[in-house]
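**Q**
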Amino acid sequence: MENTRFQLAPQGRCTGQLDPPGDKSISHRAIMLASLAQGTSEIRGLLPSGDCLATLEAFRNMGVQVHWLAPDRLRVHGAGLHGLQAPDGTLDMGNSGTAMRLLAGILCAQAFASTLSGDASLNARPMQRIADPLQAMGADITLSVAGTAPLEIRPCETLDAIDYVLPVASAQVKSCLLLAGLYAKGRTCITEPVRCRDHTENMLHTFSCAIEREDRRVCLQGGGELAATEIDIPGDLSSAAFFIVGSLISQDSHLTVKNVGINPTRTGALEILRQMGAKIDIRNERNYGEEPVADLVVTSSSLHGIDIPQNLVVDAIDEFPILFIAAACAKGITQLNGAKELRTKESDRIHTMVSGLQTLGIRAEERPDGVTITGGEFGAGTVDSGGDHRVAMAFAMASLAASGTITVADTGAVATSFPGFVESATQLGLLFE
Ligand code: S3P
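Per my numbering, residue 378 is the first one in the sequence shown, and the count goes up by one each step.
#1: For ASN472, count neighbouring Cβ atoms within 10 angstroms of its own Cβ and tell me buried if that reaches 16, exposed if not.
#2: Select from LEU673, MET514, SER630 and PRO527 the residue whose C-alpha is nearest the C-alpha of ALA501.
#3: What are the complete alpha helix (DSSP H) segments, minimum 4 residues, inside the stretch 470-509?
#4: Where do the ends of the beta strand (DSSP E) carrying VAL760 lie?
#5: Could you give the distance in angstroms between the alpha-carbon of SER521 and the alpha-carbon of MET730?
#6: Say yes only if the C-beta of SER402 is nearer than 6 Å to one or more non-hydrogen atoms of the ligand S3P, and no if none qualify.
#7: Can you give the Cα-Cα distance for GLU591 and GLY763, rounded to whole angstroms?
#8: Please classify ASP765: is it buried, with 16 or more other beta-carbons within 10 angstroms of its beta-carbon, or exposed?
#9: Just the Cα atoms here: how many angstroms apart are THR749 and LYS656?
#10: Using the beta-carbon count (16 or more within 10 Å), is PHE489 buried or exposed?
#11: For the stretch 549-600, list the alpha helix (DSSP H) runs that are entirely contained and at least 4 residues long, ordered along the chain.
#12: Can you tell which of ALA786, GLY709 and THR721 has its C-alpha closest to the C-alpha of THR751?
#13: Assuming contact is defined by CB atoms lying nearer than 7 Å, are SER616 and PHE795 in contact in what I supplied?
#14: At what residue ranges does the stretch 622-694 contain a whole run of the beta strand (DSSP E), taking only runs of 3 or more?
#15: What did DSSP end up calling SER426 once you bin it into helix, strand or coil?
#16: Taking C-beta to C-beta, are GLY427 and ALA792 nearer than 7 Å?
#17: Can you find a heavy atom of the ligand S3P that lies under 6 Å from the Cβ of PHE475?
#18: Just to check, is the beta-carbon of ALA694 closer than 6 Å to a non-hydrogen atom of the ligand S3P?
#19: Less than 7 Å between the C-beta atoms of GLY623 and MET774, yes or no?
#20: For the candidate residues VAL453, PRO464 and GLY733, whose alpha-carbon lies nearest to that of ALA435?
#21: Three-state secondary structure (DSSP) at PHE849?
#22: Using the rule of at least 16 other Cβ atoms within 10 Å of the residue's Cβ for burial, across every protein chain shown, is ASP540 buried or exposed?
#23: Please tell me whether, using a cut-off of 6 Å, the distance from the CB of ALA548 to the nearest non-hydrogen atom of the ligand S3P is below it.
#24: Would you kindly work out how many angstroms separate the C-alpha atoms of VAL674 and GLU662, rounded to a whole number?
#25: What number of angstroms, rounded off, separates the C-alpha of LEU581 from the C-alpha of ARG574?
#26: Rounded to the nearest angstrom, what separates MET378 and MET470 at their Cα positions?
#27: When the Cα of ALA604 is compared with those of LEU385, LEU395, LEU808 and GLN415, which residue comes out closest?
#28: Which value, in whole angstroms, describes the spacing of the CA atoms of ARG382 and PHE755?
#29: Might you give, ordered along the chain, the residues of its own chain that have their beta carbon closer than 7 Å to the beta carbon of ARG643, omitting 5 neighbours on each side?
In structure tokens, the structure reads:
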């Protein structure tokens, strides 16, 4: 990946209107289900980022025909559940855990062998969590001795349905097993310890799969088909979150975020920020298919530290890098516990964020499953993103409340989720040098 850096002068603004790019989680699922459906689907508002393009390339490599109608609009000629062809070479999932884990569920059911690999970050992330239940279903999947990718998948005799209680709260593991369940003999049921994002369930229903849901349990019957459809993808709240916090921590900012997804399994960060004193209004609520969408109005606010409630951790899991920036700008102490999953993301986000905060003069301590951050003032300095897109964007926002120039090293990964980040940030008033 290109070795780029951000350099930002202090005291920019974050004001105006943001049309966030398409939701990354939903974009992956739209490409996957459209590829496996019978007939032609159209996806509008797709996120054309590195991660989603890795998913798309994998399906094209397996014979799925697609046509771009616009930079965010794609027509997909579905191959049907049994129409994929053996890929040419290793499937490269780049930086994307979602792409690798969900695709593994599909590939275990194919009549051909495949290998899934990724970049150094992805190939260090835990994959045993999908291999254990897939093997219990009868899949032939092997990992490295460290329990990581490359994943080697071979055809199996039969894939049996599973009734599985997830040991970790992971939408990626749940989704992997539901996708494998589409091919399995019998009824696959997954129970989650805590409610996780449910975009796979929503989208399976949109593609006419008879999926049954009750509280934290979801079931589907193998052996059906998916029917092509049209999909509108909401803006990504996880991408918008950088600008929401940017607007809260900068002076005289007023930000409108248009058409952003507010699925309740994703809005933990909005609730955490509100508890910290943020002024965020939700307006114009409506639905894109089964996904709730709204416009948000955010104004500069004086924030105070809180103990982050445990029940909001999973619903805010991708927003902690930018929430830590908010905590550094808040009066008093913010505590997070019960978030050890942050250590298994694109970087060890507890460690990368705490190191960067300390470099910029903020008191921050890490624990195995959380952090304590004391509000202060950001000084000048150079921080390393650890090759993590969300860490890079979070520290760019810190410039809005800093006393000197902030440089963020290794920012190439921003394109995995938000290719237009610098343009959007510049337009809203951040001062890139
Ligand atoms: C995702 C689920 C979450 C999240 C990731 C995207 C998804 O991961 O952190 O960025 O699209 O299903 P886990 O399911 O591993 O918690």
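The beta-carbon is built from N, C-alpha and C at its ideal position, and this holds for glycine as well. The structure presented is a predicted model; accordingly, all values stated were derived computationally and were not measured.
**A** Looking at the atomic coordinates:
#1: Taking the sequence shown and counting its residues from 1, one reaches residue 472 at position 95. When all chains shown are included, ASN472 counts as buried.
#2: Within the sequence shown, numbered from 1, the residue matching residue 501 stands at position 124. Considering only alpha carbons, the answer is PRO527.
#3: 474-484
#4: Stepping through the sequence shown from its first residue, residue 760 is reached at position 383. Element bounds for VAL760: 758-761.
#5: Position 144 of the sequence shown, counted from the first residue, corresponds to residue 521. Position 353 of the sequence shown, counted from the first residue, corresponds to residue 730. CA-to-CA, the gap between SER521 and MET730 works out to about 28 Å.
#6: Position 25 of the sequence shown, counted from the first residue, corresponds to residue 402. At least one heavy atom of the ligand S3P lies closer than 6 Å to the C-beta of SER402.
#7: Taking the sequence shown and counting its residues from 1, one reaches residue 591 at position 214. Taking the sequence shown and counting its residues from 1, one reaches residue 763 at position 386. Distance between the alpha carbons of GLU591 and GLY763 is about 39 Å.
#8: Here residue 765 corresponds to residue number 388 of the sequence shown, with the count starting at 1. Burial is judged here by how many other beta carbons sit within 10 angstroms of a residue's own beta carbon; ASP765 has at least 16 and is buried.
#9: Residue 749 sits at position 372 when you count from the first residue of the sequence shown. Residue 656 sits at position 279 when you count from the first residue of the sequence shown. Per the coordinates, the alpha-carbon of THR749 lies some 23 Å from the alpha-carbon of LYS656.
#10: Translated into the one-based positions of the sequence shown, residue 489 becomes position 112. Result: exposed.
#11: 576-583
#12: Numbered from its first residue, the sequence shown carries residue 751 at position 374. Comparing Cα positions, the closest option is GLY709.
#13: The residue given as residue 616 occupies position 239 in the sequence shown. The residue given as residue 795 occupies position 418 in the sequence shown. A contact, by the Cβ cut-off of 7 Å.
#14: 631-638, 656-665 and 668-676
#15: Taking the sequence shown and counting its residues from 1, one reaches residue 426 at position 49. Three-state DSSP puts SER426 in coil, outside helix and strand.
#16: Stepping through the sequence shown from its first residue, residue 427 is reached at position 50. Stepping through the sequence shown from its first residue, residue 792 is reached at position 415. It is a contact, given that the beta carbons lie within the stated cut-off.
#17: Within the sequence shown, the letter at position 98 stands for residue 475. It is Thr, not Phe, that sits at residue 475 in the sequence shown. Result yes, Cβ under 6 Å from the ligand S3P.
#18: On the sequence shown, position 317 is the one that residue 694 refers to. It is Ile, not Ala, that sits at residue 694 in the sequence shown. True, at least one ligand heavy atom lies under 6 Å from that Cβ.
#19: Position 246 of the sequence shown holds residue 623. Position 397 of the sequence shown holds residue 774. In this structure, MET774 lies closer than 7 Å to GLY623 by Cβ.
#20: Taking the first residue of the sequence shown as position 1, residue 435 is located at position 58. It is PRO464.
#21: Residue coverage of the chain in this structure runs from 378 to 810, which leaves residue 849 outside it and unanswerable.
#22: Taking the first residue of the sequence shown as position 1, residue 540 is located at position 163. Around the beta carbon of ASP540, a 10 Å sphere encloses fewer than 16 other beta carbons of the protein chains shown; the residue is thus reported as exposed.
#23: Along the sequence shown, one-based indexing puts residue 548 at 171. The answer is yes for ALA548.
#24: Within the sequence shown, residue 674 is the residue found at index 297, counting from 1. Within the sequence shown, residue 662 is the residue found at index 285, counting from 1. Roughly 12 Å between the two C-alpha positions.
#25: As a first step, residue 581 must be located in the sequence shown, where it is residue number 204. As a first step, residue 574 must be located in the sequence shown, where it is residue number 197. Roughly 14 Å between the two C-alpha positions.
#26: Locating residue 378 in the sequence shown gives position 1, where the first residue counts as 1. Locating residue 470 in the sequence shown gives position 93, where the first residue counts as 1. Bear in mind that a pLDDT of 49 at MET378, under 50, signals an unreliable position, so the number given afterwards is only what the model happens to contain. Cα-Cα distance, rounded: 13 Å.
#27: Residue 604 sits at position 227 when you count from the first residue of the sequence shown. Ranking LEU385, LEU395, LEU808 and GLN415 by Cα distance to ALA604 puts GLN415 first.
#28: Numbered from 1 along the sequence shown, position 5 holds the residue referred to as residue 382. Numbered from 1 along the sequence shown, position 378 holds the residue referred to as residue 755. The alpha-carbon atoms of ARG382 and PHE755 are separated by roughly 19 Å.
#29: As a first step, residue 643 must be located in the sequence shown, where it is residue number 266. Within the same chain, ARG643 has close Cβ partners ARG574, LEU614 and ASP692.
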